[in-house]
Amino acid sequence: MIRAGFWMGNIKELWRVALVLHALLDVITCTDLGDTEVKQRAGKCLAAEAAIMELGLEDIWNVKPLLDGKKIMSALGLEKGIPGMKEWQNHVRKWQLCHMTATAEECYEWLKDEYQHKRQSPLKMEELSVHIP
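Its first residue numbered 27, the sequence shown is counted upward by one per residue in the working numbering.
Printed below as a string of C-alpha cells:
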C-alpha cells in the first residue's frame, strides 16, 4: 500500500494509463500470446485498478499531508528545521497511507511517540515502525 501510494502520488492522473501500458508492453514482448493470455493480462490490469480504488488511492496526490513541516518540528520538540526533514515528512506520509482515516492529532501523537522511541534507542530512521493495519 505504501509503495502504491508513493507511485500514485508521482504519476497522478496517469495511473490508469500506466496500468494499461504495462499490460500492453507485456503483450508486445511476448509474441506467442493467445486470446486467453491477453484476457488474463487484461484481467490483472482491471484487478489492479479495483485494488487501487478499494484502497482509496485513486486520487492520493490530492490528499494533503496530515502534518506540515511546522507540525512535524513541534511533534519532535524542535524550533528549527533539522537535517533529514524530508525523511520525517516521508515517514509521516507512509503512516498516513497506512491510516487513511486517521486525524492530524493521531498522526501528531504517533510521531511524538516514534521520535521519543528513536531517541531512546539506536534505531535508524528506516527502522521506525509504521503500523500497518
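We put the beta carbon where it would ideally sit given N, CA and C, even for glycine.
**OP:** Measuring alpha carbon to alpha carbon, tell me which of Met27, Leu51, Tyr134 and Gly31 ends up nearest Leu102.
**Re:** Tyr134
Original post:
Taking the continuous alpha helix (DSSP H) assigned at Gly35, which residues delimit it?
Top reply: Taken as a continuous stretch (DSSP letters only), the alpha helix (DSSP H) holding Gly35 covers Ile28 to Ile37.
Original post:
Once you ignore the five residues that flank Gln122 on each side, which residues in its own chain have a CB closer than 8 Å to its CB?
Top reply: Closer than 8 Å at the Cβ level, and outside the excluded window around Gln122, lie Val89, Pro91, Leu92, Ala128 and Cys133.
Subject >> Minimum C-alpha distance to Glu162 - residue among Tyr141, Lys38 and Leu51 >> reply: This structure cannot speak to residue 162, because the chain is shown only from 27 to 159.
Original post:
For the alpha helix (DSSP H) that contains Gly3, what are its first and last residues?
Top reply: In the structure as shown, the chain starts at 27 and stops at 159, and residue 3 therefore has no counterpart that could be examined.
Original post:
Considering only residues of the same chain and omitting the five flanking positions on each side of Val118, which have a CB-CB separation below 8 Å?
Top reply: Pro91, Leu92, Leu93, Ile98, Cys133 and Leu137
Original post:
How big is the Cα-Cα spacing for Lys70 and Lys96?
Top reply: Between the C-alpha atoms of Lys70 and Lys96 there is a straight-line separation of about 42 Å.
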